[in-house]
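K.L.:
Structure below; questions to follow.
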């Protein structure tokens, strides 16, 4: 073998060894200028960009705001209400009456209602019961429910349910964010997978092109048969096709990743060609068995689906109490102390004055069959039972999903370790076949075959690492929340 051929074979062997190195190590050998032009987008930064301006993230934040305004509306039922009425009647030149009535009602959170008012009436044909002193009649008192509304009423039920809706909205927000981050994370790992594939095919193509040039030189010198040129050219063309397919998949995954990137005012962002995924995050990280039990405890307490069903059960409990209260009769008592002057004098609160100047009333009503009330109560109880059954089923599903995700995590961890050994073995076989080819004991076909097996093993390892990274995210998603550092 000539010195030139030995030099070519030495370079070929070095290129083969470099092609078997991990992608991260191969990148270190690039020129510093090329390294500076490439920006790695880490998963953490990717998540933060999503949570800042993504429309779905903004929509999730609005759920909390909507619930807050619902609670504000519900609390509006306790707002004081002031009302005023003026009536005047004249007929055939006669003034029948002039009525002016003013009332202030202040509901309280525990049931009773404070009342204050001022009435002034006059007229020739005025109802005697509505007559007032010349300067009017003011009053202040209280209305107390003794039957329905004593322990719970519609106002308190609405406010309590709206307060619980805050937690339901938060659960919906977390669920929406989790779903968004889960899909975005899967797209990110697919992006990294095809990025590694493109790099692997580029390196293998460079190797095949270098080998083709070396084979042609050796054929010209008569060291190899001409058919070896066809073998080397076929390898180049095959890897060109595989590279094109990988580039197509890589570009499509870049588009999927870009769909999750938004700027202020819902302006869509695009990934620059120089932006690549970070090569970290898919490393093996063992999870202790007790961590799974902790995740199960956290999932039972904070999983958005379970949290939502639990809060819905509390809402139904409030509704059930209100429905049971409707079975009681309506029994209301009202007492008002009267004062002729518009402004109360100090003697208005004296027992003698309150015993001689007051207006007292008691009202009572009750349906005879209570069919609507009893039907409402039984309907609420049926809803409570259905919600309890749904909660039991949801707890079981969450537990099984967490355990299944953990099992997949462990299985993929073992598969990756086994695949790493297979890559090492395939690399050893490829290097050994290369040495045999240098010594004239093998053929170019066998070298290509060993190299294809090594590529297949590396591609499978990349796919397993991407699947492993997805499994880690799926585990925390199954437990109820994807944390963003």
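Numbering (mature numbering (1 follows the signal peptide of the UniProt record, and there is no 0)), first residue to last: -26 to -1, 1 to 459. Glycine is no exception: its CB is placed at the ideal position from the N, C-alpha and C atoms. No experiment lies behind these values; they were computed from the predicted model shown.
Can you tell which of 310, 173, 443 has its C-alpha closest to the C-alpha of residue 89?
P.N.:
Minimum Cα distance to residue 89 is reached at 310.
K.L.:
Could you tell me which of 431, 435, 38, 334 sits nearest to residue 142, measuring between CA atoms?
P.N.:
Cα-wise, what sits closest to residue 142 is 38.
K.L.:
Who are residue 310's beta bridge partners in DSSP?
P.N.:
Beta-bridge pairing links residue 310 to 115, 333.
K.L.:
In whole angstroms, what separates the C-alpha of residue -2 from that of residue 391?
P.N.:
Note that residue -2 scores a pLDDT of 34, beneath 50, so its modelled location is shaky; the value from the coordinates is reported in the next line. Looking at the two C-alpha atoms, the distance is approximately 19 Å.
K.L.:
For residue 72, which of helix, strand or coil comes out of DSSP?
P.N.:
Here residue 72 sits in strand by DSSP.
K.L.:
Leaving aside the five residues before and after residue 339 along the sequence, list all residues of the same chain whose C-beta is less than 6 Å from its C-beta, in chain order.
P.N.:
Taken in chain order, the residues that qualify are 304.
K.L.:
CA-CA distance, residue 454 and residue 216?
P.N.:
If I take the Cα positions, the gap works out to 40 Å.
K.L.:
Pull up the CB-CB distance for residue 132 and residue 51, whole angstroms please, since I reckon it's below 8 Å.
P.N.:
With 8 Å as the limit, residue 132 and residue 51 qualify as a contact, their Cβ atoms being about 6 Å apart.
K.L.:
With residue 370 as the anchor, note down where its alpha helix (DSSP H) starts and where it stops.
P.N.:
345 to 412 is the span of the alpha helix (DSSP H), which, as asked, contains residue 370.
K.L.:
Does residue 354 pass the burial test, meaning 16 or more other C-beta atoms within 10 Å, or should it be called exposed?
P.N.:
By the 10 Å Cβ count, residue 354 comes out buried.
K.L.:
Where do the ends of the beta strand (DSSP E) carrying residue 282 lie?
P.N.:
Where residue 282 is concerned, there is no enclosing beta strand (DSSP E), although the alpha helix (DSSP H) it sits in stretches over 278 to 299.
K.L.:
Check whether the segment 154 to 169 touches the segment 219 to 226, taking contact to mean three or more Cβ pairs, one atom from each stretch, closer than 8 Å.
P.N.:
Yes, the segment 154 to 169 is in contact with the segment 219 to 226.
K.L.:
Okay, do the segment 438 to 452 and the segment 381 to 396 touch, 3+ Cβ pairs below 8 Å being the bar?
P.N.:
Contact holds: three or more Cβ-Cβ distances are below 8 Å.
K.L.:
Give me the Cα-Cα distance between residue 335 and residue 308, rounded to the nearest whole angstrom.
P.N.:
Approximately 5 Å, taken between the alpha carbons.
K.L.:
Over what stretch of residues does the alpha helix (DSSP H) that includes residue 218 continue unbroken?
P.N.:
Here the alpha helix (DSSP H) through residue 218 covers 201 to 232.
K.L.:
With burial defined as no fewer than 16 other Cβ atoms inside 10 Å of the residue's Cβ, what is the status of residue 450: buried or exposed?
P.N.:
By the 10 Å Cβ count, residue 450 comes out buried.
K.L.:
What number of angstroms, rounded off, separates the C-alpha of residue 264 from the C-alpha of residue 447?
P.N.:
In a straight line, the C-alpha of residue 264 is about 18 Å away from that of residue 447.
K.L.:
Could you compute how far the alpha carbon of residue 332 sits from the alpha carbon of residue 312?
P.N.:
Whole-angstrom Cα-Cα distance: 5 Å.
K.L.:
Please report the distance separating the alpha-carbon of residue -10 from that of residue 178.
P.N.:
Residue placement at residue -10 cannot be trusted, given a pLDDT of 44 that sits under 50; what the coordinates show is reported in the next sentence. Going by the C-alpha atoms only, they are around 11 Å apart.
K.L.:
Rounded to a whole number of angstroms, what is the C-alpha to C-alpha distance between residue 117 and residue 158?
P.N.:
Going by the C-alpha atoms only, they are around 58 Å apart.
K.L.:
Between the Cα of residue 426 and the Cα atoms of 137, 188, 213, which residue gives the shortest distance?
P.N.:
Out of 137, 188, 213, 213 has the C-alpha closest to the C-alpha of residue 426.
K.L.:
Could I get the ranges of all uninterrupted beta strand (DSSP E) runs contained in the segment 97 to 153, with 3 residues as the minimum, in chain order?
P.N.:
Here the runs fully enclosed are 111 to 119.
K.L.:
Residue 431 lies in the beta strand (DSSP E); which residues open and close that run?
P.N.:
Taken as a continuous stretch (DSSP letters only), residue 431 belongs to no beta strand (DSSP E), being part of the alpha helix (DSSP H) at 418 to 453.
K.L.:
Would you kindly work out how many angstroms separate the C-alpha atoms of residue 296 and residue 337, rounded to a whole number?
P.N.:
Between residue 296 and residue 337, the C-alpha separation is close to 21 Å.
K.L.:
Determine, using beta-carbon pairs with one atom in the segment 109 to 127 and one in the segment 14 to 29, whether at least three such pairs fall under 8 Å.
P.N.:
Counting Cβ pairs under 8 Å, fewer than three are found: no touch.
K.L.:
Where residue 357 and residue 344 are concerned, what is the direct C-alpha to C-alpha distance, given to the nearest angstrom?
P.N.:
Cα-Cα distance, rounded: 20 Å.
K.L.:
Looking only at its own chain, which residues have a Cβ that is under 6 Å from the Cβ of residue 452, when we skip the five neighbours before and after it?
P.N.:
Excluding positions up to five away in sequence, the list reads 375, 376, 379.
K.L.:
Spatial neighbours of residue 57 within its chain, please: C-beta separation below 6 Å, excluding the five flanking residues on both sides.
P.N.:
Excluding positions up to five away in sequence, the list reads 77.
K.L.:
Which runs of the beta strand (DSSP E) at least 3 residues long sit entirely within the segment 8 to 70? Give them in chain order.
P.N.:
Segments of the beta strand (DSSP E) lying fully in the segment 8 to 70: 13 to 15, 55 to 65.
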